[in-house]
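In our numbering, the protein residues as written are 352 to 750.
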Ligand SMILES: *Cc1c(COP(=O)(O)O)cnc(C)c1O
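(1) Is it right to say residue 371 is buried, meaning 16 or more other beta carbons lie within 10 angstroms of its own, or is it exposed?
(2) Go through its chain and collect everything with a Cβ distance to residue 396's Cβ below 6 Å, but skip five positions before and after it.
(3) With distance defined between alpha-carbon atoms, name the residue in 662, 388, 404, 445 nearest to residue 589.
(4) In whole angstroms, what separates the C-alpha of residue 491 from that of residue 566?
(5) Helix, strand or coil: which one does DSSP assign to residue 537?
(6) Have a look at residue 380 and residue 594 and give me their C-alpha separation to the nearest angstrom.
(7) What does the Cβ neighbour count give for residue 619, buried or exposed, with the cut at 16 atoms within 10 Å?
(8) Could you please give the first and the last residue of the uninterrupted alpha helix (DSSP H) stretch that includes residue 440?
(9) Where does residue 740 fall in DSSP's three states?
(10) With DSSP as the reference, label residue 572 as helix, strand or coil.
(11) Tell me, which residues are paired with residue 471 by DSSP?
(12) Cβ atoms of residue 408 and residue 559: under 8 Å apart, would you say?
(13) Tell me, which residues are paired with residue 532 by DSSP?
(14) So if DSSP puts residue 584 in a beta bridge, which residue, or which two residues, is it bridged to?
(15) I need the straight-line Cα distance from residue 374 to residue 364, nearest angstrom please.
(16) Taking residue 596 as the reference, which of 695, 701, 455, 551 has the closest Cα?
(17) Please report the straight-line C-alpha distance between residue 739 and residue 522, rounded to a whole angstrom.
(18) In chain order, what residues of the same chain lie with their CB nearer than 6 Å to the CB of residue 577, ignoring the 5 residues before and after it?
(19) Tell me, to the nearest whole angstrom, how far the beta carbon of residue 649 is from that of residue 706; I am working on the premise that it is less than 8 Å.
(20) Is it right to say residue 411 is buried, meaning 16 or more other beta carbons lie within 10 angstroms of its own, or is it exposed?
So, in C-alpha cells, the structure goes:
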C-alpha cells in the first residue's frame, strides 16, 4: 500500500531521539525545543517562534493571547480543517464564515471587504456585526493546502477596521506571499507539525511572528503562566508546550525541508499533468498570491457523484485515496454561525480526491497512482464515443 501522507524519518530523527534518551531530556526542558523554535523562526522569516503541542493548541493560544473571547466574532473561511473553527469556539468566540477564492481555495478577500463595509457598523471604535450584535475582532485566513491567501488585502482590511490578523498557516512551512515570508504577514501565525504535515514532530505546533513581546507572552501562557520558580501564576495559563522528544524529530525534519518541498512540488505537478489527461478533472490549485508549499495534492472531479466510487474503487485497488475538508457550515457544532456565502465551498469539497503525496513517494509509486487512476476513469467513462481509444485521454464520465 502506498501511504497517503506519511512521515519521512530517514534523516537524523533516530539519532536526535537517542540523544533525548541518553541525556534524560524527554520533557519540555531540553535543548531541542529552543533549537526547533529558532529553526521555525528562520524558515518563516520570524523574529521568534513558540513551540507548542499542536496546531490546534497554537490557534487557541494565539487567539486567547490576543484577548479574543465571548462576544467576539472572527472572520474565517468555511473551507478549512475543523481545528480553525474549534479554536475559535474554545475561546468562547464565534466564527463568521466566508466562501473561498476558486484559484487558491483560500478566504475570499473581496467577500470579506464588502461584508465588513456592508454588514457591520462602527460603534465607539468597535466594529459591530449588525445581524448578531457580536464584535468583529480578527480576520483568520487559512493557507489551504499551503496556498497563501491574499495577505496584502487582509493586512489592509485589518488595519482599516482595527482588527487582528491571525493566519492559520498549519501546512504552510515553505509558502510565501509574493516573496514575503509567512512570519511577516500577520499579527500571529501558527503552524502544525502533526504526523501528516510536510514537516512533522509526530505532533506539535508553533506560533510565530515579528512581535517579540507578544511571543514572550504566548510562551509564558503556554507553560502555565508561572512566575519565578515556585507555584506562582499570574494568568490563566495552558499546558501547551512541546517536548524535547517532539522537537528532536522536528529539528531533524527542518534539516531536510528543501528536499521535502521539492518533492511536494513535483508531486503537485505530476497530478496536475495527470488531471489534464482526464476529461472534467482538474489538479489542485497553485494559488495566485505567492508560493505554495503544496502540502497535499490530488484531483478535483467534475461531478460529486463520482467521488465515493472513486475512493472505494481506488482503495480496493491498493491506493489510499481520501476525501478532503467538509466545510464548517455543514458541521453540526458550527451550523448556526453567521455565514456570508458558501456556494464555492459547497460545490467544491465533495469533488476532491487527495492522492498519495508523501515526501518519500517514489517515481514508480507515482506511476502506479497514474495507471490506477486512468484505469478507474476508463472504467467509469460513459460508453459514448468520448473515450479516446488507445490514448491516455479518458472521456466523459458523467453518470
Ligand atoms: C493540520 C491543520 C490544523 C491542525 O493542526 P494539529 O496540529 O493537527 O492540531 C489546523 N488547521 C489546518 C488548516 C490544518 O491543516
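Yeah, the Cβ is synthetic: ideal placement off N, Cα and C, and Gly gets one too.
Treat the numbers as computed from the prediction; the structure is a model and nothing was measured.
The short version:
(1) Reading the chain shown from its first residue, position 20 is the one you call residue 371. Per the 10 Å Cβ criterion, buried.
(2) Stepping through the chain shown from its first residue, residue 396 is reached at position 45. 532, 534, 535, listed in sequence order.
(3) Mapped onto the chain shown, residue 589 falls at position 238. It is 404.
(4) For the purposes of this step, residue 491 is taken as residue 140 along the chain shown, with counting starting at 1. For the purposes of this step, residue 566 is taken as residue 215 along the chain shown, with counting starting at 1. Using only the alpha carbons, I get a separation of about 18 Å.
(5) In the chain shown, counting from the first residue as 1, residue 537 sits at position 186. DSSP places residue 537 in coil when its eight states are reduced to three.
(6) Here residue 380 corresponds to residue number 29 of the chain shown, with the count starting at 1. Here residue 594 corresponds to residue number 243 of the chain shown, with the count starting at 1. About 7 Å.
(7) Translated into the one-based positions of the chain shown, residue 619 becomes position 268. Buried, by the Cβ-count rule.
(8) What you label residue 440 is simply residue 89 of the chain shown in a count that begins at 1. Taken as a continuous stretch (DSSP letters only), the alpha helix (DSSP H) holding residue 440 covers 433-441.
(9) The sequence position of residue 740 within the chain shown is 389, counting from 1. The predicted position of residue 740 is uncertain, since its pLDDT is 37 and thus under 50; no value can be drawn from it.
(10) Numbered from its first residue, the chain shown carries residue 572 at position 221. If DSSP states are grouped into helix, strand and coil, residue 572 belongs with the helices.
(11) Along the chain shown, read from residue 1 onward, the residue named residue 471 stands at position 120. Beta-bridge pairing links residue 471 to 480.
(12) Residue mapping note: residue 559 aligns to position 208 of the chain shown, counting from 1. Residue mapping note: residue 408 aligns to position 57 of the chain shown, counting from 1. Result no, Cβ atoms of residue 559 and residue 408 do not sit closer than 8 Å.
(13) To locate residue 532, count along the chain shown from 1; it is residue 181. According to DSSP, residue 532 bridges with 527.
(14) Walking along the chain shown from the start, residue 584 turns up at place 233. Note: residue 584 sits in a beta bridge opposite 577.
(15) In the chain shown, residue 374 corresponds to position 23, counting from 1. In the chain shown, residue 364 corresponds to position 13, counting from 1. When rounded, the distance between both Cα atoms is 16 Å.
(16) Reading the chain shown from its first residue, position 245 is the one you call residue 596. Looking at the Cα atoms, 551 is the closest of the given residues.
(17) Here residue 739 refers to the residue found at position 388 of the chain shown. Here residue 522 refers to the residue found at position 171 of the chain shown. Bear in mind that a pLDDT of 39 at residue 739, under 50, signals an unreliable position, so the model cannot answer this.
(18) Position 226 of the chain shown, counting from 1, holds the residue named residue 577. If we look at residue 577 and ignore the five residues flanking it on each side, its Cβ neighbours are 584.
(19) Residue 649 sits at position 298 when you count from the first residue of the chain shown. Residue 706 sits at position 355 when you count from the first residue of the chain shown. At roughly 4 Å, the Cβ-Cβ gap stays under 8 Å, so residue 649 and residue 706 are in contact.
(20) Within the chain shown, the letter at position 60 stands for residue 411. Using a 10 angstroms sphere on the CB of residue 411, the tally of other CB atoms reaches 16 or more, which defines it as buried.
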